[in-house]
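All residue numbers for the sequence shown refer to this note's numbering, where the first residue is 1 and numbers rise by one.
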Amino acid sequence: MINFLAAFAWIFDPAHWEGPGGIPVRVLQHLAVTGLTVLIACVIAIPLGLLIGHTGKGREIAVAITGALRALPTLGLLSLLALITLGWGFSSTSLVPAITALVVLAVPPVLAGAYGGVESIDRQTIDAARAVGMNEWQILGKVEIPLALPLMIGGVRSAVLQTIATATVVAFLTNGPGLGRYILDGLPVRDYAQMLAGSIIIIVLALILEGVFSLLQRAVVPRGVQATHTRVDETRGHATTGDDRSTAPDPVVAEAEANMQTAAYRNN
Numbered sequence: 001m002i003n004f005l006a007a008f009a010w011i012f013d014p015a016h017w018e019g020p021g022g023i024p025v026r027v028l029q030h031l032a033v034t035g036l037t038v039l040i041a042c043v044i045a046i047p048l049g050l051l052i053g054h055t056g057k058g059r060e061i062a063v064a065i066t067g068a069l070r071a072l073p074t075l076g077l078l079s080l081l082a083l084i085t086l087g088w089g090f091s092s093t094s095l096v097p098a099i100t101a102l103v104v105l106a107v108p109p110v111l112a113g114a115y116g117g118v119e120s121i122d123r124q125t126i127d128a129a130r131a132v133g134m135n136e137w138q139i140l141g142k143v144e145i146p147l148a149l150p151l152m153i154g155g156v157r158s159a160v161l162q163t164i165a166t167a168t169v170v171a172f173l174t175n176g177p178g179l180g181r182y183i184l185d186g187l188p189v190r191d192y193a194q195m196l197a198g199s200i201i202i203i204v205l206a207l208i209l210e211g212v213f214s215l216l217q218r219a220v221v222p223r224g225v226q227a228t229h230t231r232v233d234e235t236r237g238h239a240t241t242g243d244d245r246s247t248a249p250d251p252v253v254a255e256a257e258a259n260m261q262t263a264a265y266r267n268n
């Protein structure tokens, strides 16, 4: 309890909110590393995931690769990449190995969210889109991506949270920026209040981003899907209460619509 009180006292000390080592600067540095990492991971993984989900080819390979990447030890990967990049002429304080290692760890959840979101769409929906004359690009852009977007955001959300936590080790290897510096700087002098304060800030930052992405994930559900869901709920309500069903949608049709859009709600 004493350590926690000392940590909060450290956080709310005005002296720690100023200068290049102040909390606002460290938070922005941590967010910058996380944002750059997730952006690169999205550029790599989202197109590949959409391709796998749309064509159905390469899924087994993608699953194997994502599983293998998830099992990699972060610090070991960072150390290996640091040694490799030193041989290429990068300095020991370069962020290249750290960003590369974090990207490797952020790709699997983004990739899984992309191809999983597209694969989870009912094939009848895709067949209906083809039946009305849509080509493959139109199906991908107007049907598959909007319906898969909640799961895709879920993959990005997982990557952001994982990167926020893992980015702390960047400071240990490269003496780099971010909130991990509080832990690194406090360790040699046994400043446990500073170390615990850095951990608390990281936890709070992760919780804030979790809430933001949770709201975003709900917001990207297409309106038509929400309307269908509402109509289905109303239909089931009529059937349960025994009210007059003469003006209610056909339960069979409503149930079919619900089955076609179930994937959009799996992560809500």
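Don't be surprised by glycine CBs; every beta carbon is placed ideally from N, CA and C.
What you are looking at is a predicted structure, and each value in this text was computed from that prediction instead of being measured.
With distances taken from CA atoms, which of Ala101, Phe172, Trp17 and Ile46 is nearest Ala71?
For the residues Ala101, Phe172, Trp17 and Ile46, the minimum Cα distance to Ala71 belongs to Ala101.
When DSSP labels each residue in this structure, what does Asp191 get in the three-state scheme?
Reduced to three states, the DSSP call for Asp191 is coil.
Shortest alpha-carbon distance to Gly22 belongs to which of Gly180, Pro188 and Ile52?
With distances taken between CA atoms, Gly22 lies nearest to Gly180 out of Gly180, Pro188 and Ile52.
Neighbourhood of Ala197 by C-beta, 7 angstroms cutoff - its chain only, sequence neighbours within 5 removed:
Ala7, Trp10, Ile11 and Tyr182
Within the continuous alpha helix (DSSP H) that includes Ser120, where are the two ends?
Looking at the DSSP string, Ser120 is not in any alpha helix (DSSP H), and its letter there is neither H nor E.
Who are the Cβ neighbours of Gly113 in its own chain at under 6 angstroms, not counting the five residues just before and after it?
Leu151, Met152, Gly154 and Gly155
By the 10 Å Cβ neighbour count, where 16 or more other Cβ atoms means buried, how is Gly141 classified, buried or exposed?
exposed
Could you spell out where the alpha helix (DSSP H) holding Leu31 opens and where it closes?
Ile23 to Thr55
Is Arg157 buried or exposed, if buried means 16 or more other CB atoms sit within 10 Å of its CB?
buried
Any contact of the segment 102 to 110 with the segment 128 to 138, i.e. 3+ C-beta pairs under 8 angstroms?
no
Skipping 5 residues on each side, what residues in its chain have a beta carbon closer than 6 angstroms to that of Gly117?
Ala148, Leu151 and Met152
Between which two residues does the alpha helix (DSSP H) containing Ala62 stretch?
Arg59 to Arg70
For the alpha helix (DSSP H) containing Pro20, name the first residue and the last one.
Unbroken run through Pro20: none, as it is neither H nor E.
Distance between Gly67 and Thr55 (C-alpha atoms, nearest Å):
21 angstroms
Considering only residues of the same chain and omitting the five flanking positions on each side of Cys42, which have a CB-CB separation below 6 angstroms?
Val110
Which of helix, strand or coil does DSSP assign to Phe12?
coil
Determine the extent of the alpha helix (DSSP H) in which Pro150 is found, giving its start and end residues.
Run containing Pro150: Ile145 to Thr166, per the alpha helix (DSSP H) assignment.
Close beta carbons around Gly58, own chain, < 6 angstroms, minus the five adjacent residues each side
Ile52
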